[in-house]
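Counting in numbering that gives the first Met the number 0, the sequence shown runs from 0 upward without gaps.
Built from N, CA and C at the ideal position, the CB exists for glycine as well.
Following: one structure in structure tokens, then a few remarks.
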Amino acid sequence: MLTAARLGAAALSAALLTGLTAGPALADSPAPTPAAVPDGLYGKSDPTYDGVWRQSLALTALTAAKVTPADSAVGWLTGQQCEDGGWPSYRAAGAACDPKTEDSNATAVAVQALVALGGHQEAVDKGVGWLKANQNADGSWAYNPGSPGDADSTGLAVNALFAAKTDPAGVAKAGRSAFDGLALFQLGCAAPADQRGAFAYQTDPAGGALTPNALASAQAALAASGGHLPVAGTVHADAAPKALACADAPAATAAQGSSASSAPVSHAESGEAVGAYLTAQLAAGGDHLTLTTPGAAPTPDYTATAWAALALSQSGHPQQAAGAVDWLGKEGATWSKGGTDAGATATLLLVAQAAHRDTAALTGQLTALGPATAPAKKKDGGIGQYWLIGVGLLIGVGGGLLLSLQRKRNTHL
Numbered sequence: 000m001l002t003a004a005r006l007g008a009a010a011l012s013a014a015l016l017t018g019l020t021a022g023p024a025l026a027d028s029p030a031p032t033p034a035a036v037p038d039g040l041y042g043k044s045d046p047t048y049d050g051v052w053r054q055s056l057a058l059t060a061l062t063a064a065k066v067t068p069a070d071s072a073v074g075w076l077t078g079q080q081c082e083d084g085g086w087p088s089y090r091a092a093g094a095a096c097d098p099k100t101e102d103s104n105a106t107a108v109a110v111q112a113l114v115a116l117g118g119h120q121e122a123v124d125k126g127v128g129w130l131k132a133n134q135n136a137d138g139s140w141a142y143n144p145g146s147p148g149d150a151d152s153t154g155l156a157v158n159a160l161f162a163a164k165t166d167p168a169g170v171a172k173a174g175r176s177a178f179d180g181l182a183l184f185q186l187g188c189a190a191p192a193d194q195r196g197a198f199a200y201q202t203d204p205a206g207g208a209l210t211p212n213a214l215a216s217a218q219a220a221l222a223a224s225g226g227h228l229p230v231a232g233t234v235h236a237d238a239a240p241k242a243l244a245c246a247d248a249p250a251a252t253a254a255q256g257s258s259a260s261s262a263p264v265s266h267a268e269s270g271e272a273v274g275a276y277l278t279a280q281l282a283a284g285g286d287h288l289t290l291t292t293p294g295a296a297p298t299p300d301y302t303a304t305a306w307a308a309l310a311l312s313q314s315g316h317p318q319q320a321a322g323a324v325d326w327l328g329k330e331g332a333t334w335s336k337g338g339t340d341a342g343a344t345a346t347l348l349l350v351a352q353a354a355h356r357d358t359a360a361l362t363g364q365l366t367a368l369g370p371a372t373a374p375a376k377k378k379d380g381g382i383g384q385y386w387l388i389g390v391g392l393l394i395g396v397g398g399g400l401l402l403s404l405q406r407k408r409n410t411h412l
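This is the structure:
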């Protein structure tokens, strides 16, 4: 799944690493030649910016669907890991690892995929070690190490820690834990009432007010709810998500709404608060979230809607997730290009699994986008083998007994 945010971050990183500016130089330069799709990779589109991302989502979703992925698919993902434990978005076969191209998003989803697959503890431990080493001093994570943190990347890193059974509260830099880093981006009681609980993509370096962001809120919500991929969706709460408890007060002033002066939302309240915000946004948007890009008309945000459904399912609110799940079921084919986009198809399958919907069609579509899966082992193979041996022994014993009786009969004649 290649989101606008991830594409922008990856493209900007590529530009900076090649000594280009992110503006006219990109426009004046010829488009890069699309990378060939390697064997073992799910999907047929250029993997340059999302190879590891879509592969990780595909393996996670198929494993949850009880499909055994081909060894080549798993081997491709493990082969992308660098010696220091991180993953880049994509690395061509035979290319050396460049630490500057490793990113927290690819690493976080790869760790979750390998945990789901099982049997890759060394790679998981190295991936978690890379995340710990590249945590910012404020507790957050950036897409690429050394940049200011963002809610999406921090949320994904926390997901990976949960998947690897590593307590995010104990992963810290300069005394700031992963939960502290996530809290940097959440709007609290100083924000307008209809924005409380939301997450901003990044903080304002000048200390200005946090701006709610749909995708940031949805991806951070899964982490705030203590979840990771795949979402089991087995917890059910009777009530709707609880909005942030704030004392009644006049509308916040600009100073009160600044990220510098707003009291952080506690981790205990964070998941429910963002769940309440997402529930309200989904209801207002006709069961989906909206992507608003400067200079363009608002459009449905499939990615944010899917992650919102995952987060609400994780936090025990399937009723509040149901409308988004239904909407994705009706409209998701546009996003997945009829089941040919591996990242989108995998995400839709993860949503259907979390909501306990019928997953057969999506499982078939995703399976068809990758290498042939490993054949299922016959559960009765061993029993059948022993049954045949037993029948053979009985025949042998019976034949011997008949022969013995025949000999005795001949002796007495």
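If you follow the alpha helix (DSSP H) that residue i is in, where does it begin and where does it stop?
| i | result |
| --- | --- |
| Gln-54 | 50-63 |
| Val-127 | 120-132 |
| Trp-326 | 317-335 |
| Phe-161 | 150-162 |
| Tyr-227 | The residue you asked about is not Tyr; residue 227 is His in the sequence shown. Unbroken run through His-227: none, as it is neither H nor E. |
| Tyr-276 | 266-283 |
| Leu-347 | 341-353 |
| Gly-363 | 359-367 |
| Trp-75 | 70-79 |
Counting C-beta neighbours from all protein chains within 10 Å, is the total for residue i 16 or more, i.e. buried, or is it exposed?
| i | result |
| --- | --- |
| Lys-125 | buried |
| Glu-101 | buried |
| Gly-391 | Annotation note: pLDDT 49 at Gly-391 (below 50); position unreliable, no value reported. |
| Pro-297 | exposed |
| Pro-191 | exposed |
| Gly-369 | buried |
| Ala-21 | The predicted model places Ala-21 with a pLDDT of 33, which falls under 50 and marks its position as unreliable; any figure quoted below should be read in that light. Its Cβ having fewer than 16 others within 10 Å, Ala-21 is exposed. |
| Thr-32 | exposed |
| Pro-374 | exposed |
| Gly-484 | The structure shown does not extend to residue 484, since the chain is modelled only from 0 to 412, so the question has no answer here. |
| Thr-333 | exposed |
| Ser-265 | exposed |
| Gly-117 | exposed |
| Thr-291 | exposed |
| Pro-299 | buried |
| Gly-337 | exposed |
| Asp-49 | buried |
| Ala-303 | buried |
| Gln-120 | exposed |
| Ala-267 | exposed |
Which partner residues does residue i have in the DSSP bridge list?
| i | result |
| --- | --- |
| Glu-101 | Pro-87 |
| Lys-172 | Arg-175 |
| Leu-290 | Thr-298 |
| Phe-184 | In the DSSP output, where bridge partners are listed per residue, Phe-184 has none listed. |
| Ala-199 | Pro-211 |
Within its chain, find whatever has a CB closer than 7 Å to the CB of residue i; leave out the 5 residues flanking it on each side and keep chain order.
| i | result |
| --- | --- |
| Ala-173 | Ala-136 |
| Ala-163 | Val-110, Val-114, Val-123 and Val-127 |
| Asn-104 | Arg-5, Trp-52, Tyr-142, Ser-152 and Leu-155 |
| Ala-222 | Gly-154, Val-157, Asn-158 and Leu-181 |
Using a Cβ-Cβ cutoff of less than 8 Å, which residues in the same chain neighbour residue i once the five nearest sequence positions on both sides are dropped?
| i | result |
| --- | --- |
| Leu-56 | Met-0, Val-108, Ala-112, Leu-228, Ala-341, Gly-342, Ala-345, Thr-346 and Leu-349 |
| Gly-226 | Asn-158, Phe-161, Leu-309, Ala-310, Gln-313 and Ser-314 |
| Gln-194 | Leu-186, Pro-211 and Tyr-276 |
| Gln-201 | Pro-147, Gly-148, Asp-149, Ala-150 and Phe-184 |
| Gly-169 | Ser-176 |
| Trp-75 | Pro-37, Asp-38, Gly-39, Leu-40 and Gln-54 |
| Val-66 | Thr-362, Thr-366 and Thr-372 |
| Glu-82 | Cys-96 |
| Gly-232 | Ser-312, Gln-313, Pro-317, Gln-352, Ala-353, Ala-354 and His-355 |
| Lys-131 | Val-170 |
| Asp-325 | Asp-286 |
Indicate whether at least one CB of chain B lies closer than 8 Å to the CB of residue i.
| i | result |
| --- | --- |
| Trp-52 | In the displayed structure, chain B is absent; only one protein chain is listed. |
Only counting the same chain, and skipping five residues up and downstream in sequence, which positions put a Cβ closer than 6 Å to that of residue i?
| i | result |
| --- | --- |
| Gln-218 | Asp-151, Gly-154 and Trp-306 |
| Ala-242 | Ala-275 |
| Glu-271 | Pro-240 and Lys-241 |
| Val-230 | Leu-309, Ser-312, Gln-313 and Ala-353 |
| Asp-45 | Pro-33 and Ala-34 |
| Ala-262 | Gly-187 |
| Gly-285 | none |
> Are the region 59-73 and the region 84-93 in contact at 8 Å, needing three or more beta carbon pairs?
Replying inline: Judged by pairs of C-beta atoms under 8 Å, the region 59-73 does not touch the region 84-93, as fewer than three such pairs exist.
> Would you say the region 152-160 touches the region 201-212, given that touching needs at least three Cβ pairs under 8 Å?
Replying inline: no
> Is there contact here, the region 170-189 with the region 136-147, by at least three beta-carbon pairs under 8 Å?
Replying inline: yes
> Is the region 278-287 touching the region 319-337, taking contact as three or more C-beta pairs under 8 Å?
Replying inline: yes
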